[in-house]
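Engineer: Starting off with a structure, shown below.
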Amino acid sequence: MSAKPDYYDVLGVERTASKDDIRKAYRGLARRYHPDVSREPDAEAKFRQINEAYEVLRDPDKRGQYDRFGHAGPGAPFGAGFDDFGGIGDVFDAFFGGGRRARPGGVQPGADVRVRAELDFLDSIFGVETSVVYKRLEPCGTCGGNGAAPGTRPTTCPACRGAGQVQRAQRSIFGQFVNVTLCDTCGGRGQTIQDKCAACTSIGLERVDVERRIKIPAGIPADTELRLTGEGDHGPRGGAPGDLYIGVDVTPHPVLERKGDDIASTVVVNVAEAALGAEVEIETVDGPSTVKIAAGTQAGAAVRLRGKGAPRLRGSGRGDHLLHVHVATPSKLSRAQRRLLEELRETLPAGGDRDGRSFVDKVRAAFR
Ligand SMILES: [Zn+2]
Ligand SMILES: [Zn+2]
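The numbers in the working numbering rise by one with no breaks, and the one at position 184 of the sequence shown is 759.
Written as structure tokens, this is what we have:
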């Protein structure tokens with residue numbers, strides 16, 4: 576049903592043409608029909624055809640598939656041209672709804688593996704070298720991955736002669752087309768195994784425990800995923816391994832909280848300390864530190880300790896430590912304390928000063 580001209584005809588070569596003959600024919604035609612220089616009326620279409628034919632015939636694998644199946648082969652019922660897919664395997668995705676099937680002619684890559692790693696809070700700030708232990712599929716150690724018992728080898732499937740698929744001509748209202756199905760005998764592998772490897776039941780893979788060292792970069796946020804390329808499951812029969820994804824969990828710190836590149840914590844001072852100023856001992860990622868609380872500090876104010884935050888994952892330098900000041904109102908008063916506060920109440924303006932309040936509101940809004 577394909578109206579496509581034969582690739583050999585397009586290039587004007589015999590079916591037995593050598594690689595050299597094909598290249599020479601292609602060069603001559605490409606020069607003649609190049610759309611930039613050609614005066615031929617249908618140069619562009621012709622040029623595309625020539626390139627398409629050359630793409631297939633220059634590649635021994637594609638040429639072999641084309642010789643075996645022609646245009647009417649794998650893609651024909653869906654109108655897909657030979658040039659529309661990278662290999663015969665891709666066609667099976669179209670035939671069988673794109674499921675993960677054994678891909679004849681190609682090998683299936685391995686799956687990605689996901690693990691989680693728990694990190695100490697300070698290790699997430701400054702980085703650490705650690706290791707992850709996980710299971711992954713590797714080529715079977717007994718058979719070397721080919722699935723055949725030691726001392727034997729897989730043999731070419733007699734039913735499909737190694738192609739992994741069988742074709743049947745079918746008639747439909749659109750005309751005749753070739754229906755291609757996965758080979759039943761070998762399940763699409765193109766090979767059959769007489770004596771199965773007992774260790775892997777001929778799958779060619781075994782699940783093994785592996786350990787990988789990983790370097791956690793300084794400043795990594797929680798819930799980051801690190802990827803180790805090629806450290807996932809191997810695919811059957813030499814399929815390239817997938818990747819390993821390491822999800823990083825960070826154990827919360829009792830008093831420090833991460834806010835992007837900044838670290839936040841809270842300090843509690845009493846009304847006298849807030850009014851008169853104080854020196855307080857606080858925890859930072861660098862260890863204990865003494866901080867001055869200025870006289871007249873409002874409740875909800877924050878002290879910014881520059882460069883005491885987390886190292887920036889991208890860029891240089893570190894974030895800040897934001898120390899939020901909580902002013903505790905005394906609730907249990909001795910007789911003497913009560914008298915002093917009552918004296919204060921007589922001398923202070925009622926309700927505090929307005930400017931002070933709006934400042935607090937501003938600070939609160941800034942850190943919400
Ligand atoms: Zn095995
Ligand atoms: Zn077969």
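Backbone N, C-alpha and C define an ideal beta-carbon position, used for all residues, glycine too.
Does His646 pass the burial test, meaning 16 or more other C-beta atoms within 10 Å, or should it be called exposed?
Structural biologist: Within the sequence shown, residue 646 is the residue found at index 71, counting from 1. Burial call: buried.
Engineer: Checking the sheet assignment: what are the DSSP bridge partners for Leu754?
Structural biologist: Taking the first residue of the sequence shown as 1, we reach residue 754 at position 179. Before going on, a small fix: residue 754 reads as Asn here, not Leu. Arg743.
Engineer: Applying the 10 Å Cβ sphere with the 16-neighbour rule, what's the burial state of Lys621?
Structural biologist: Here residue 621 refers to the residue found at position 46 when the sequence shown is read from its first residue. Buried, by the Cβ-count rule.
Engineer: Alpha carbons only, please: which of Arg643, Gly603 and Val785 is nearest the one belonging to Arg590?
Structural biologist: Taking the sequence shown and counting its residues from 1, one reaches residue 590 at position 15. Comparing Cα-Cα distances from Arg590 to each of Arg643, Gly603 and Val785, the minimum goes to Arg643.
Engineer: Between Ala692 and ligand 1, is there a pair consisting of the residue's CB and a ligand heavy atom that are separated by less than 7 Å?
Structural biologist: Indexing the sequence shown from 1 puts residue 692 at position 117. Every heavy atom of ligand 1 is 7 Å or more from the Cβ of Ala692, so no.
Engineer: Quickly, what does DSSP pair Ser944 with across the bridge? List them, please.
Structural biologist: Any property of residue 944 remains undetermined from this structure, which presents the chain solely from 576 to 943.
Engineer: What's the gap between the Cα of Leu803 and the Cα of Val855?
Structural biologist: By 1-based counting over the sequence shown, the position of residue 803 is 228. By 1-based counting over the sequence shown, the position of residue 855 is 280. Cα to Cα, Leu803 sits roughly 45 Å from Val855.
Engineer: Where does the unbroken beta strand (DSSP E) through Leu819 begin, and where does it stop?
Structural biologist: Mapped onto the sequence shown, residue 819 falls at position 244. Leu819 -> beta strand (DSSP E) spans Leu819 to Val825.
Engineer: May I ask you to report which of helix, strand or coil DSSP gives Leu568?
Structural biologist: Because the chain here runs from 576 to 943, residue 568 falls outside it and cannot be looked at.
Engineer: What ranges does the alpha helix (DSSP H) occupy inside the stretch 683-712, keeping only unbroken runs of at least 4 residues that lie completely in it?
Structural biologist: Segments of the alpha helix (DSSP H) lying fully in the stretch 683-712: 696-701.
Engineer: Are Leu888 and Thr859 closer than 8 Å when you measure CB to CB?
Structural biologist: Position 313 of the sequence shown, counting from 1, holds the residue named residue 888. Position 284 of the sequence shown, counting from 1, holds the residue named residue 859. No; because the gap between Cβ atoms is not below 8 Å, this pair is not in contact.
Engineer: For Arg739, is the beta carbon positioned less than 7 Å from some heavy atom of ligand 2?
Structural biologist: Within the sequence shown, the letter at position 164 stands for residue 739. The question names Arg, but residue 739 in the sequence shown is Gly. Yes, Cβ of Gly739 sits closer than 7 Å to a heavy atom of ligand 2.
Engineer: State yes or no: is the C-beta of Ile868 within less than 8 Å of the C-beta of Ala885?
Structural biologist: Position 293 of the sequence shown, counting from 1, holds the residue named residue 868. Position 310 of the sequence shown, counting from 1, holds the residue named residue 885. Not in contact: Ile868 and Ala885 (Cβ atoms no closer than 8 Å).
Engineer: Using 7 Å as the cut-off, classify the Cβ of Gly726 as near or not near the heavy atoms of ligand 1, replying yes or no.
Structural biologist: Numbered from 1 along the sequence shown, position 151 holds the residue referred to as residue 726. Incorrect: Gly726 has no Cβ contact closer than 7 Å to ligand 1.
Engineer: Less than 8 Å between the beta carbons of Cys772 and Ala723, yes or no?
Structural biologist: Counting from one through the sequence shown, the residue named residue 772 turns up at place 197. Counting from one through the sequence shown, the residue named residue 723 turns up at place 148. A contact, by the Cβ cut-off of 8 Å.
Engineer: Considering only the alpha carbon of each residue, which of Lys883, Asp824, Glu917 and Ile768 lies closest to His896?
Structural biologist: As a working note, residue 896 is residue 321 in the sequence shown. For the residues Lys883, Asp824, Glu917 and Ile768, the minimum Cα distance to His896 belongs to Lys883.
Engineer: Report the rounded CA-to-CA distance for Ile596 versus Gln640, giving the unit in angstroms.
Structural biologist: For the purposes of this step, residue 596 is identified with residue 21 of the sequence shown, where counting begins at 1. For the purposes of this step, residue 640 is identified with residue 65 of the sequence shown, where counting begins at 1. At residue 596 the sequence reads Asp, which differs from the Ile that was named. One C-alpha to the other measures close to 19 Å.
Engineer: Nearest-angstrom Cα distance between Arg607 and Ala600?
Structural biologist: Counted from its first residue, the sequence shown places residue 607 at position 32. Counted from its first residue, the sequence shown places residue 600 at position 25. Taking the straight line from one Cα to the other gives about 11 Å.
Engineer: Rounded to the nearest angstrom, what separates Lys967 and Arg633 at their Cα positions?
Structural biologist: Here the chain comprises residues numbered 576 to 943, so residue 967 is not present and cannot be evaluated.
Engineer: Which residue wins for smallest C-alpha separation from Val844, given the options Asp818, Ala876, Val823 and Cys718?
Structural biologist: Taking the first residue of the sequence shown as 1, we reach residue 844 at position 269. The option with the nearest alpha carbon to Val844 is Ala876.
Engineer: Give the DSSP-derived three-state secondary structure of Leu780 in the structure shown.
Structural biologist: Within the sequence shown, residue 780 is the residue found at index 205, counting from 1. Correct three-state label for Leu780: strand.
Engineer: If you draw a straight line from the alpha carbon of Cys715 to that of Cys732, how long is it in whole angstroms?
Structural biologist: On the sequence shown, position 140 is the one that residue 715 refers to. On the sequence shown, position 157 is the one that residue 732 refers to. So the two alpha carbons sit approximately 22 Å from each other.
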